[in-house]
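The structure appears right after this line, and notes come after that.
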Amino acid sequence: MSELASKSSAQRAPAQKRRSWSRYTERRVPTEYEFVSHDLHWHYKPGQTPWEMSPDHVWNTWYVENRNQSPFRCGDWNAFRDPDMLVYRTYVRMQDAAETYVDGVIDDHEARGSYGELSADWLTALGNGYTPFRFAGHGLLMAATYVMSMAPSSYISNAVAFQAGDELRRIQRIAYQTRQLQLHYPEREFGVHDRRAWEQEVALQPMRRVVESHLVERDWGRSFVGLCFLLKPAVDAVFNLRLAEAAAANGDELTAAMHRNLHRDTIRSRRWSVALARTAIADEPANRTLIQEWVDGAREAVVSAVVDASALLSTSAFDLEPGETRGAVEEAVEAGLHGIDHGMDEPEG
0 MSELASKSSA
10 QRAPAQKRRS
20 WSRYTERRVP
30 TEYEFVSHDL
40 HWHYKPGQTP
50 WEMSPDHVWN
60 TWYVENRNQS
70 PFRCGDWNAF
80 RDPDMLVYRT
90 YVRMQDAAET
100 YVDGVIDDHE
110 ARGSYGELSA
120 DWLTALGNGY
130 TPFRFAGHGL
140 LMAATYVMSM
150 APSSYISNAV
160 AFQAGDELRR
170 IQRIAYQTRQ
180 LQLHYPEREF
190 GVHDRRAWEQ
200 EVALQPMRRV
210 VESHLVERDW
220 GRSFVGLCFL
230 LKPAVDAVFN
240 LRLAEAAAAN
250 GDELTAAMHR
260 NLHRDTIRSR
270 RWSVALARTA
280 IADEPANRTL
290 IQEWVDGARE
300 AVVSAVVDAS
310 ALLSTSAFDL
320 EPGETRGAVE
330 EAVEAGLHGI
340 DHGMDEPEG
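First residue of the sequence shown? That's 0 in numbering that gives the first Met the number 0, and the numbers climb one at a time after it.
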């Protein structure tokens, strides 16, 4: 074909059209994160029946009353963006790396026989306050999945779904630790009486009360705030960070390293929670007062409950002194509220 004919053919070829996304209204190509996260909740229709059922069906009335009519309001929930921009692919890749690290720590300590070197005091603390924590972990998992199911935007549901995965990760790791302790110290019956301890141990009852009370909260906004700005940061301040300090002081470097790694999930939870709160407040400033009221209304009960439970982890090698522990828990709660007003650091690379 001649050069002239080639040019003529190219001129006649129709211009290639760019693909459009009808539900994505910004005048730019969406990112991968936005492409798989944007406006997937077709059942969130303010002023309309959410589900294709009778308007007075229990499922519709539940969502209307506890989501659409929540006092925690925003004109466009799809304006929220997870600062870490996680999608399933990137979440799995990130947590695979974290789990590889934890597996390596466990393999190293198992090869060195670390489980058999723990002190009697620390073994008692693990049996009294650590292995029963699986039940509190399941409570945090269920709370996260409730927010996920009720959230008015798929951006929110995705972020809190990954948080639920984080909770399951911690539960599984504690369950593994419990089994290893069973194998090394069969006479101590690790894990056998954990449910009874969760339901009857005096020091655990305040924490059980606040976890279970949270699980009956119906309003999605109040559930989100209570979980992400109070219950989770308070619990994790003890059962990740203070626990890691106690474990290290008692020569249990495995548990210390594992829970320091697990606490990275807590920090990520704070980032997306603060970003969501700031999105809501930018649209409706009254949400800031609402968040503060909800946190302050339950703060003393939650903080005191977690401090009471922490006493079970004290040993002669490391005393979780109540005043110091309370300060750590209060600091964790305040960190989220401070982030609302002043912003958070950029996500970790």
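Even glycine gets a Cβ: it sits at the ideal position worked out from N, Cα and C. For clarity, every value in this text was computed on a predicted model and none was experimentally measured.
Counting only residues of its own chain and dropping the five nearest sequence neighbours on each side, V159 has a CB closer than 6 Å to the CB of A143, V146, M147. Straight through space, the alpha carbons of I170 and G225 are spaced by roughly 21 Å. By the Cβ criterion, the stretch 163 to 180 is in contact with the stretch 111 to 127, since at least three pairs of Cβ atoms, one from each stretch, lie closer than 8 Å. Fewer than three pairs of CB atoms, one per stretch, sit closer than 8 Å, so the stretch 189 to 203 makes no contact with the stretch 214 to 225. Judged by DSSP in its simplified three-state form, V28 adopts coil rather than helix or strand. One thing to note: G136 has its Cβ no nearer than 8 Å to the Cβ of E98. Note on geometry: alpha-carbon atoms of S113 and D251 lie some 8 Å from one another. Residue nearest to G115 within the set A202, L240, Y154, L253 is L253 (criterion: CA-CA distance).
The alpha carbon of L230 has as its nearest neighbour, out of E283, E333, Y154, L182, the alpha carbon of E333.
For N59, the enclosing alpha helix (DSSP H) covers residues 57 to 62. Judged by beta-carbon spacing, N260 lies beyond the 8 Å limit of Y129, meaning their Cβ atoms are not closer than that value. G138 counts as buried, since at least 16 other C-beta atoms from the protein chains shown sit within 10 angstroms of its C-beta.
When DSSP states are grouped into helix, strand and coil, M206 belongs to the helix group. I290 places its beta carbon less than 8 Å from that of I339.
R277 is the residue among R277, G322, E320 whose C-alpha sits nearest the C-alpha of R72. As for any alpha helix (DSSP H) of minimum length 4 sitting wholly inside the stretch 239 to 275, the runs are 242 to 248, ordered along the chain.
DSSP, reduced to helix, strand and coil, places T314 outside both helices and strands of the structure shown, so it counts as coil. In the same chain as F161, and ignoring 5 residues on each side of it, the C-beta atoms closer than 7 Å to its own belong to L85, Y90, in chain order.
Apart from sequence neighbours up to five positions away, the residues of its chain that approach D264 with a beta-carbon distance below 6 Å are D165, ordered along the chain. With contacts defined by Cβ atoms closer than 8 Å, A119 and L140 do not form a contacting pair. For W41, the number of other beta carbons within 10 angstroms of its own is below 16, and it is reported as exposed. The beta carbon of W50 lies closer than 6 Å to those of H42, W58, N59 in the same chain, with the five residues before and after it left out. In this structure, the beta-carbon distance from A202 to A248 does not fall below 8 Å. DSSP, reduced to helix, strand and coil, places R80 outside both helices and strands of the structure shown, so it counts as coil. With contacts defined as CB atoms closer than 8 Å, L311 and L242 fail to qualify as a contacting pair.
Shown here for V306: same chain residues with a beta carbon closer than 8 Å to its own, the five before and five after excluded, namely V237, P321, T324, R325, V328 in chain order.
Going by C-alpha positions, V294 is about 11 Å away from A300. Setting aside the 5 residues that flank it on each side, Y154 is surrounded in the same chain by S36, H37, W76, N77, F79, R80, D81, each with a C-beta closer than 8 Å to its C-beta; the list follows chain order.
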